[in-house]
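Below is one structure, written out as structure tokens, with a few remarks after it.
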Amino acid sequence: METAALPYVDEHTTLVAASADAVWRGIGEVVDRSFGSGYARLVGCADRTASGPRPLAAGSTIPGFRVASAVAGRELVLVGRHHFSTYALVFRLEEAADGRTRLRAETRARFPGPGGALYRLLVIRSGGHAVLTGRLLSAIRGRAEQLRSATPRRSA
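So the numbering used here is basically just the index in the sequence shown, starting at one, shifted up by 11.
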């Protein structure tokens, strides 16, 4: 699936007080435990279970998503489809000042037919998607900052 061909939905950003490496590890840990198979089954997701290599790599799956590409410390592209939508969630990491990392989560999706239109109304236009994406970014930020704190510092 070509993610750029999917219509843009939204993007959320957070600044993380940790290196891109710590943020990358945080993304893997949080994403791997954040999506449940119950919802994936309910809406008919193509990928309903976790499988494949860990840390996440191209071909790995989590409920609702398959990893289309993974460039450690830079970008993770998750794609999926179910009865009401074909979608992508793209995490991008960028260096920021003072050893911090800017983490962006971009959502792209197509919602075909009347069922898709209703799903879009219930999930996107209701604001539910924005709230859940914000919580996901907050959890990743928290985990990455914990990982940063747990990493021993080298002395000069």
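Backbone N, C-alpha and C fix where the C-beta goes; we use that ideal spot for every residue, glycine too.
R59 sits buried, since 16 or more C-beta atoms from the chains shown fall within 10 Å of its C-beta. If only complete runs of 4 or more residues are kept, the stretch 101-136 shows the alpha helix (DSSP H) at 124-131, in order along the chain.
A155 has its alpha-carbon roughly 7 Å from the corresponding atom of R36. The C-beta distance from A31 to E106 rounds to 6 Å, short enough to meet the 8 Å contact threshold. In the DSSP annotation of this structure, the continuous segment of the alpha helix (DSSP H) that includes S160 starts and ends at G139 to A161. For E86, the enclosing beta strand (DSSP E) has its first and last residue at E86 to H93. V142 counts as exposed, since fewer than 16 other C-beta atoms from the protein chains shown sit within 10 angstroms of its C-beta. Leaving aside the five residues that flank R131 on each side, the residues in its chain whose CB is nearer than 6 Å to its CB run, in chain order, F122.
Taken through DSSP and simplified to helix, strand or coil, D21 comes out as strand. For L133, the closest of F95, Q157 and A79 by C-alpha to C-alpha distance is F95.
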